[in-house]
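S.K.:
Have a look at this one:
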């Protein structure tokens, strides 16, 4: 593995981590505001996180 | 207390055996450093192989496991056991006048001495037969499919005379209801969901079971094999494409509700999206499960690298923790695959008209 590849992989991980972190944080806030809707919020959160993760993995494979 | 301790010991021995599991059955040279050996073991574990290797000792060169049948086609059919590769020192098997040699988990046609040639691109240039062998993955797939078939036919029989679930049906009814009420109905809709239920249930329980079996010390890595996830995503893609109604195709080729110029621009993007969606599906499952296996095996590998007991204890705990996380991931990946498949099916049968408003 050359250095640019490692840097690229690191950038991807930073981006994906920020994305999933924001989704998780917003979901937490949403659940705190409306605890009765936590089930729906959770599944929506998992879908969004999975989509970001998919893109992240695709990029990691390219790197 | 003793019972709980016994359980812990069992868990730890499972973890330990997972690392032993992937050790290389060829035992080519004892001079590898321990780090290189661990790297090789992980590589070997991620790949499919022609024999089932359970445990062994690198230093003594012993390996315990059982061979699997090899089925090859190169104009005529060859059928022999994978243990025959170890009968001769050069690892060559003769079948109907052709010589075969297993080299890095792949089978090549060679001469009587078993010489392997390299092309200019440093890849092996020997000819390859078409390989229909029952490999480790295929064997495990057959076993797991039989297990799933047995579980669900038993569960189905329970409901024949008595609508109240008993025994195994008690465990599986909530899961089936979960797939129906949480995955199928919200994403596909009340009207069409029944048509897709059998596929969604099959894919959910298949991925889940296979992921769970990947966590056992049998050391199989089925959903971490890109061919398997490719096949699963292909089925989702075909079902989406062939059950789609005219609204779905309308949204792809002539997006309603946007200016005419945009429709022309959007059409190729949407067509590309048709293929990217299942592609993301296959990469996600493959990469998640492979990454999980690599992480757990690396952590367990560290147990052998560190020569002090304090660090070993810490990594043992970490390995156990990650194994528990992997159990969650096993379920989560099955859920996500099923959920996204349902989402795509839902978009294929949607009847809502956007240009009304």
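Residue numbers (this note's numbering), protein chains in the order written: chain A, 6 to 68; chain B, 981 to 1337.
Each residue gets a CB set at the ideal place from its N, CA and C atoms; glycine is no exception.
In chain B, which residues lie less than 8 Å from residue 4(A) when you measure between Cβ atoms?
M.R.: What is shown of chain A runs 6 to 68, which leaves residue 4(A) out entirely.
S.K.: Which chain A residues are close to residue 1016(B), counting only those with a beta carbon under 9 Å from its beta carbon?
M.R.: Taking the second chain and counting its residues from 1, one reaches residue 1016(B) at position 36. Within chain A, no residue comes near residue 1016(B); the closest Cβ sits about 16 Å away, beyond 9 Å.
S.K.: Verify the CB distance criterion: does residue 1267(B) have a CB-CB separation below 8 Å to chain A?
M.R.: What you label residue 1267(B) is simply residue 287 of the second chain in a count that begins at 1. Judged by the 8 Å Cβ criterion, residue 1267(B) is in contact with chain A.
S.K.: Going by CA-CA distance only, name the one from 1267(B), 1202(B), 1241(B) that's closest to residue 65(A).
M.R.: The residue given as residue 65(A) occupies position 60 in the first chain. Looking at the Cα atoms, 1267(B) is the closest of the given residues.
S.K.: Three-state secondary structure (DSSP) at residue 1084(B)?
M.R.: As a first step, residue 1084(B) must be located in the second chain, where it is residue number 104. Correct three-state label for residue 1084(B): coil.
S.K.: Would you please verify whether the beta carbon of residue 1263(B) is less than 8 Å from any beta carbon of chain A?
M.R.: Here residue 1263(B) refers to the residue found at position 283 when the second chain is read from its first residue. Cβ-Cβ to chain A under 8 Å: yes for residue 1263(B).
S.K.: Please work out which residues of its chain come closer than 7 Å, Cβ to Cβ, to residue 53(A), disregarding the five sequence neighbours upstream and downstream, and give them in chain order.
M.R.: Residue mapping note: residue 53(A) aligns to position 48 of the first chain, counting from 1. Correct list, in chain order: 28.
S.K.: Residue 1098(B) bridges to which residues according to DSSP?
M.R.: The count along the second chain starts at 1 and reaches residue 1098(B) at position 118. Per DSSP, the beta bridge partners of residue 1098(B) are 1104(B).
S.K.: How big is the Cα-Cα spacing for residue 1026(B) and residue 45(A)?
M.R.: The sequence position of residue 1026(B) within the second chain is 46, counting from 1. The sequence position of residue 45(A) within the first chain is 40, counting from 1. Roughly 36 Å between the two C-alpha positions.
S.K.: Determine the DSSP secondary structure at residue 1057(B), reduced to helix, strand or coil.
M.R.: As a first step, residue 1057(B) is located in the second chain; it is residue number 77 there, counting from the start. DSSP places residue 1057(B) in strand when its eight states are reduced to three.
S.K.: Grouping DSSP H, G and I as helix and E and B as strand, with all else coil, what is residue 1072(B)?
M.R.: Here residue 1072(B) is taken as the residue at index 92 of the second chain, counted from 1. Note: residue 1072(B) maps to strand in three-state DSSP.
S.K.: By the 10 Å Cβ neighbour count, where 16 or more other Cβ atoms means buried, how is residue 1347(B) classified, buried or exposed?
M.R.: Nothing in the structure corresponds to residue 1347(B), since chain B is present only between 981 and 1337.
S.K.: Any idea what DSSP makes of residue 1198(B), helix, strand or coil?
M.R.: Numbered from its first residue, the second chain carries residue 1198(B) at position 218. Note: residue 1198(B) maps to coil in three-state DSSP.
S.K.: Check the DSSP bridge columns for residue 1031(B) and list the partner residues they point to.
M.R.: As a first step, residue 1031(B) is located in the second chain; it is residue number 51 there, counting from the start. Note: residue 1031(B) sits in a beta bridge opposite 1047(B).
S.K.: For the segment 1148-1165 of chain B, enumerate the residues whose C-beta is nearer than 8 Å to any C-beta of chain A, in chain order.
M.R.: 1162
S.K.: For the candidate residues 1310(B), 1201(B), 1111(B), whose alpha-carbon lies nearest to that of residue 1059(B)?
M.R.: Along the second chain, read from residue 1 onward, the residue named residue 1059(B) stands at position 79. Ranking the options by Cα distance to residue 1059(B), first place goes to 1111(B).
S.K.: Leaving out five residues on either side along the sequence, give the residues of the same chain with a beta carbon under 7 Å from the beta carbon of residue 1179(B).
M.R.: Here the question's residue 1179(B) lines up with position 199 in the second chain. Cβ neighbours of residue 1179(B) beyond the five flanking positions: 1219.
S.K.: Measure from the alpha carbon of residue 1107(B) to the alpha carbon of each residue in 1086(B), 1188(B), 1115(B), then state which is nearest.
M.R.: Within the second chain, residue 1107(B) is the residue found at index 127, counting from 1. That would be 1086(B), whose Cα lies nearest to the Cα of residue 1107(B).
S.K.: Check the Cβ-Cβ distances between residue 1291(B) and every residue of chain A, and say whether any is below 8 Å.
M.R.: On the second chain, position 311 is the one that residue 1291(B) refers to. So no, residue 1291(B) is outside the interface.
S.K.: DSSP three-state call for residue 1111(B): helix, strand or coil?
M.R.: Start at 1 with the first residue of the second chain, and residue 1111(B) comes out as number 131. In this structure, residue 1111(B) counts as strand in the three-state DSSP scheme.
S.K.: So the alpha helix (DSSP H) residue 1257(B) belongs to, where does it begin and stop?
M.R.: Against the second chain, residue 1257(B) aligns to sequence position 277. Run containing residue 1257(B): 1240-1285, per the alpha helix (DSSP H) assignment.
S.K.: Out of 1034(B), 1328(B), 1035(B), 1078(B), which one is the CA nearest neighbour of residue 1053(B)?
M.R.: Taking the first residue of the second chain as position 1, residue 1053(B) is located at position 73. That would be 1078(B), whose Cα lies nearest to the Cα of residue 1053(B).
S.K.: To the nearest angstrom, report how far apart residue 39(A) and residue 32(A) are at their CA atoms.
M.R.: By 1-based counting over the first chain, the position of residue 39(A) is 34. By 1-based counting over the first chain, the position of residue 32(A) is 27. Residue 39(A) and residue 32(A): Cα-Cα distance of roughly 10 Å.
S.K.: Indicate whether at least one CB of chain A lies closer than 8 Å to the CB of residue 1247(B).
M.R.: Within the second chain, residue 1247(B) is the residue found at index 267, counting from 1. Against chain A, the CB of residue 1247(B) has no partner CB under 8 Å away; the residue lies outside that interface.
S.K.: Helix, strand or coil for residue 1203(B), going by three-state DSSP, please let me know.
M.R.: What you label residue 1203(B) is simply residue 223 of the second chain in a count that begins at 1. Reduced to three states, the DSSP call for residue 1203(B) is coil.
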